[in-house]
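Chemist:
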Amino acid sequence: MSVKDYIRERFFPHMWCPGCGHGVVLNAMIRAVESLGMSKNEIVMVSGIGCSARISGYVDFHSMHTIHGRALAFATGIKMSRPELNVIVPMGDGDALAIGGNHFLHAARRNIEMTAIVMNNRIYGMTGGQFSPLSGYAAAASTAPYGNIDHGFDIAKLSEAAGATFVARTTTYHVHELSRLIRDAILHEGFSVLEVLTQCPTYFGRYNRAGDAPEMMETYKNRTVAVGSEKKNQDPELIERGVFVKKELPEYCREYEKVIEKNQQKQT
Amino acid sequence: MQGTVKFIQGNEVCVEAALYAGLEFFAGYPITPSTEIAEAMSARLPQIGGRFLQMEDEIASICAIIGASLTGRKVMTATSGPGFSLMQEALGYAVMTEIPCVIVDVQRGGPSTGLPTHVGQGDFNQARYGTHGDHAIVALTASNHQDMFAITVEAFNIAEIFRTPVILLFDEVTGHMREKVVIPEKDEIALVDRLRTSVESGVDYHPYLPREDGRLPMSDFGGVHRYNVTGLYHDMWGFPSDDPKIVYGLIRHLMDKIQNYAGKMTFFRQDYIEDAHTVLVSYGAAARSARHLVENRRKRGERLGLLELQTLWPFPGDVVRKVCKNADYIVVVELNTGQVIREVKLAVDRPERVYLANRIDGQLISPTDIQNILRLLHGKGV
Ligand SMILES: Cc1ncc(C[n+]2csc(CCOP(=O)(O)OP(=O)(O)O)c2C)c(N)n1
Ligand code: SF4
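Read top to bottom, the protein sequences are chains A and B.
Per the working numbering, the first sequence starts with residue 1, numbered consecutively.
Per the working numbering, the second sequence starts with residue 1001, numbered consecutively.
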């Protein structure tokens, strides 16, 4: 199938700004799904609110565009009642970790099988450039005119501590890696988190003089290294890409199936 | 009525009724005085192959049941005042996306954490006006276990027929009180399932195109029709739209599908109304005291009547107007500073006849409390 078979043309042109990284994630996701050869009917995409959350409308899967921060909670209901479905949950960094922080931690703790993709552009795009929990210390934003004094999270460490059994990070520059990691995350039997460093040239780029989209992607190329790379020792400021956690632990839906099996009264 | 006789708490009655109605999925977060519902669900659901989830909070709980409903399950969550407040945003989402679900609010004294183990009926307005935006909502209640059973089953039927969230506004007294209930035999109460689309795979399916009767045939998520669900104003495919015609059409549809069929969801009891010069209008726990008083006073020949509301929203104004037509005094008995009384005043033709009998101290109003107020009233002492 071609990429076009996976998108809803009725929805286009999309609402993202020129150069926005969210489209790259969409493209990589479609390639990942295609490489897996899954039927579109087996996939449910649940998103919250934000520029990133609009991705669910563009794909020809069962799709749900919900409320800000709660995508994982809606997704949990869907997955629990139809565990055979593949549930993908794309989220913005604010969506996933500010308003949705609690749901994020608990979905990870349960180890419920779904793929959480955090599209981390370090800013609130949709509402016009306010700082997010990932903006980082000293970043500029429309609500941080004197420089941000909030410290950011390390999504990978946070996810691991909360119990996610697959944790990875990449960027919109590394498109092949991105597509491969989405694929691995979907295949993983448990809660998987993939952080994607993505550019918002319109707000983060402009406020922080980070350049236009190509320049921001260039930075991802230059400032990131593969996990375990020697370079990281020499320059601790570099950001690691790749898989941080991949382990097997009992998956939530399967655990519940066991509860049912043990306690279901034999119907006559 | 045939069936199994039980002596249980109201909260347990609600559980039995939900399971009778075909509930398969429950997500919740414990809060007094509703907690027994979650506890019973955790034990009962896996026994029938259903699913119970204890979520991290009430917001997650309502979101999870909305998601599960979309896959074709009958779903419910239960909470009390503060938790119900947390659910409001997602409740609006269920209204907008037309996803059937049942939300139980076992009311306690408020505002805020208020009185966890004491009764109150302060969530009537929250049920209707808690969410932002304009919409219709269905809220039902009951004052005794047998009615609670029937009303709970009815809540599922209405949710499924009209693709709407339905709120069950019980209260601490009815939730915790134990009394007899007869669990009806299977098939004794008719159950309704949502209408599913007959459109075949590969044919353009319009998830948001209402039929003439306002009903929208659904397709289960995970089935053969892939469509979009969004809380934004949307067209018949579920695609976001801000076209004024589409926006107008959708809000009208959301209002009309409830208001035009309000008769089908109006439940109440009326007793001794014919010749009553004073009609007590009440609901939930407060109606138990009102009923006690009316029955006692009737034995002494006093012309008291009772209108017990079971449908709170859409407010049955026509019923109130008709029932109260000939009464000189209309006394609304409720456990708040006066919420239903406002609707009663709007409904009747001479609102100056409407008085309030209430308690707002966490205690159930007693028949004597009501009688004292009536005595003042009849003696024109007010
Ligand atoms: C309850 C609630 N609070 C606030 C908002 C406003 N809001 C919409 S999107 C957004 C943040 C978006 O940022 P992010 O999640 O990082 O996604 P992005 O737009 O950057 O892709 C906010 C605060 C909302 N829609 N709902
Ligand atoms: S505002 Fe930023 S995140 Fe939103 S579409 Fe534009 S570039 Fe992308």
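All C-beta atoms in this analysis are idealised placements derived from N, C-alpha and C, irrespective of residue type, glycine included.
Say whether chain B places a C-beta atom closer than 9 Å to the C-beta of lysine 262 of chain A.
Modeler: Yes, its Cβ sits closer than 9 Å to a Cβ of chain B.
Chemist: DSSP puts leucine 1140 of chain B in a beta bridge; with which residues?
Modeler: For leucine 1140 of chain B, which the question treats as bridged, DSSP gives the partners B/Leu1168, B/Thr1311.
Chemist: Helix, strand or coil: which one does DSSP assign to threonine 268 of chain A?
Modeler: The predicted position of threonine 268 of chain A is uncertain, since its pLDDT is 46 and thus under 50; a value taken from the coordinates is nonetheless stated next. Note: threonine 268 of chain A maps to coil in three-state DSSP.
Chemist: Quick one: which residues of the segment 72 to 89 of chain A get their C-beta closer than 7 Å to a C-beta of chain B? List them in chain order.
Modeler: Of all residues in the segment 72 to 89 of chain A, Ala73, Phe74, Ala75, Thr76, Gly77, Ile78, Met80, Ser81, Arg82, Leu85 have a Cβ within less than 7 Å of some Cβ in chain B.
Chemist: For valine 1224 of chain B, return the contacting residues in chain A, with the cut-off set at a CB-CB distance below 8 Å.
Modeler: Per Cβ cutoff of 8 Å: Asn41.
Chemist: Check distances from the C-beta atoms of the segment 54 to 69 of chain A to those of chain B and list, in chain order, the residues that come in under 8 Å.
Modeler: Here the close residues are Ser56, Gly57, Asp60, Phe61, His62, Ser63, Met64, His65, Thr66, Ile67.
Chemist: According to DSSP, simplified to helix, strand and coil, what is arginine 131 of chain A?
Modeler: First, the amino acid is wrong: residue 131 of chain A is phenylalanine here, not arginine. It is a strand residue.
Chemist: For a contact defined as C-beta to C-beta under 9 Å, what are the partners of glutamine 1047 of chain B on chain A?
Modeler: The contacting residues are Ile260, Asn263, Gln264, Gln265.
Chemist: By DSSP, does alanine 168 of chain A sit in helix, in strand, or in coil?
Modeler: The answer is strand: DSSP assigns alanine 168 of chain A an E or B state.
Chemist: For ligand 1, is there a heavy atom less than 8 Å away from the beta-carbon of asparagine 86 of chain A?
Modeler: Result no, Cβ not under 8 Å from ligand 1.
Chemist: For chain D, check one thing: does any of its Cβ atoms lie closer than 9 Å to the Cβ of threonine 1164 of chain B?
Modeler: Within the model displayed, chain D is absent; protein chains A and B are what it includes.
Chemist: Using a Cβ cut-off of 7 Å, pull out every chain A residue sitting near arginine 1073 of chain B, in sequence order please.
Modeler: Per Cβ cutoff of 7 Å: Ser81.
Chemist: Please return the same chain residues whose Cβ sits closer than 8 Å to the Cβ of serine 81 of chain A, not counting the five positions on each side in sequence.
Modeler: Once the five neighbours on either side are set aside, serine 81 of chain A has no close Cβ partner at all.
Chemist: Based on DSSP bridge pairs, tell me the residues matched to glycine 92 of chain A.
Modeler: BP columns for glycine 92 of chain A point to A/Met119.
Chemist: Within 9 Å (strictly less), CB to CB, does valine 24 of chain A reach chain B?
Modeler: For valine 24 of chain A, the answer is no, since every Cβ of chain B falls outside 9 Å of its Cβ.
Chemist: Check whether the Cβ of tyrosine 124 of chain A lies closer than 9 Å to any Cβ atom in chain B.
Modeler: Not one chain B Cβ lies under 9 Å of tyrosine 124 of chain A.
Chemist: The segment 1329 to 1358 of chain B: which residues have C-beta closer than 7 Å to a C-beta of chain A, in chain order?
Modeler: Within the segment 1329 to 1358 of chain B, no residue has a Cβ that lies closer than 7 Å to any Cβ of chain A.
Chemist: Indicate whether the contact test is met: 3 or more Cβ pairs, each with one atom in the segment 1255 to 1269 of chain B and one in the segment 1156 to 1163 of chain B, closer than 8 Å.
Modeler: Verdict: yes, contact present.
Chemist: Using a threshold of 8 Å, is the CB atom of methionine 57 of chain A nearer than that to any non-hydrogen atom of ligand 2?
Modeler: Sequence check: residue 57 of chain A is glycine here, not methionine. For ligand 2, not one heavy atom lies less than 8 Å from the Cβ of glycine 57 of chain A.
Chemist: Kindly provide the chain-ordered list of residues whose Cβ lies closer than 5 Å to any non-hydrogen atom of ligand 2.
Modeler: Residues flagged by the Cβ proximity filter: A/Trp16, A/Cys17, A/Cys20, A/Cys51, A/Gly125, A/Cys200, A/Thr202.
Chemist: Any heavy atom of ligand 1 closer than 8 Å to the beta-carbon of asparagine 121 of chain A?
Modeler: Yes, ligand 1 has a heavy atom inside 8 Å of this Cβ.
Chemist: Closest Cβ-Cβ distance between alanine 1027 of chain B and chain A: below 9 Å?
Modeler: Yes - at least one Cβ of chain A is within 9 Å of the one on alanine 1027 of chain B.
Chemist: Quick check on threonine 268 of chain A - is its C-beta less than 9 Å from some C-beta in chain B?
Modeler: Confidence in threonine 268 of chain A is poor, its pLDDT being 46 and thus under 50, which makes the residue's placement too unreliable to answer from.
Chemist: To the nearest angstrom, how far is it from the Cα of methionine 1096 of chain B to the Cα of aspartate 154 of chain A?
Modeler: Those two C-alpha atoms are separated by around 36 Å.
Chemist: What does DSSP give as the partner residues of asparagine 1228 of chain B in its beta bridges?
Modeler: Answer by DSSP bridge pairing, in chain order: A/Ser63.
Chemist: Does the beta carbon of phenylalanine 1084 of chain B come closer than 9 Å to any beta carbon on chain A?
Modeler: Not an interface residue.
Chemist: Is it buried or exposed, leucine 6 of chain A, if we count other Cβ atoms within 10 angstroms and call 16 or more buried?
Modeler: Here residue 6 of chain A is tyrosine; the residue named in the question, leucine, does not match the sequence. Classification of tyrosine 6 of chain A: buried, given that the 10 Å Cβ count is 16 or more.
Chemist: Identify the contact partners of tyrosine 1093 of chain B in chain A, using a Cβ-Cβ distance below 8 Å as the criterion.
Modeler: Simply Thr66, Ile67.
Chemist: Just checking glycine 94 of chain A against ligand 1 - is the residue's beta carbon closer than 8 Å to any of the ligand's heavy atoms?
Modeler: Flag set: Cβ of glycine 94 of chain A near ligand 1.
Chemist: Hey, quick one: how far does the alpha helix (DSSP H) through glycine 190 of chain A stretch, first residue to last?
Modeler: Element bounds for glycine 190 of chain A: n/a, residue is neither H nor E.
Chemist: Using a Cβ-Cβ cut-off of 9 Å, state whether glycine 1130 of chain B counts as contacting chain A.
Modeler: No, glycine 1130 of chain B lies away from the interface with chain A (no Cβ there is under 9 Å from its Cβ).
Chemist: Using a Cβ-Cβ cut-off of 9 Å, state whether valine 3 of chain A counts as contacting chain B.
Modeler: No, valine 3 of chain A lies away from the interface with chain B (no Cβ there is under 9 Å from its Cβ).
Chemist: Using a Cβ-based criterion (distance less than 8 Å to any ligand heavy atom), does isoleucine 49 of chain A qualify as near ligand 1?
Modeler: Yes, the Cβ of isoleucine 49 of chain A comes within 8 Å of a heavy atom of ligand 1.
Chemist: Looking at chain A, is there any beta carbon in it that lies within less than 9 Å of the beta carbon of alanine 1021 of chain B?
Modeler: Answer no: the Cβ-Cβ gap between alanine 1021 of chain B and chain A never drops below 9 Å.
Chemist: In three-state terms, what does DSSP make of methionine 1218 of chain B?
Modeler: Methionine 1218 of chain B: strand per DSSP, three-state reduction.
Chemist: Just verifying my parser: in three-state terms, what is the DSSP assignment at isoleucine 1158 of chain B?
Modeler: Helix.
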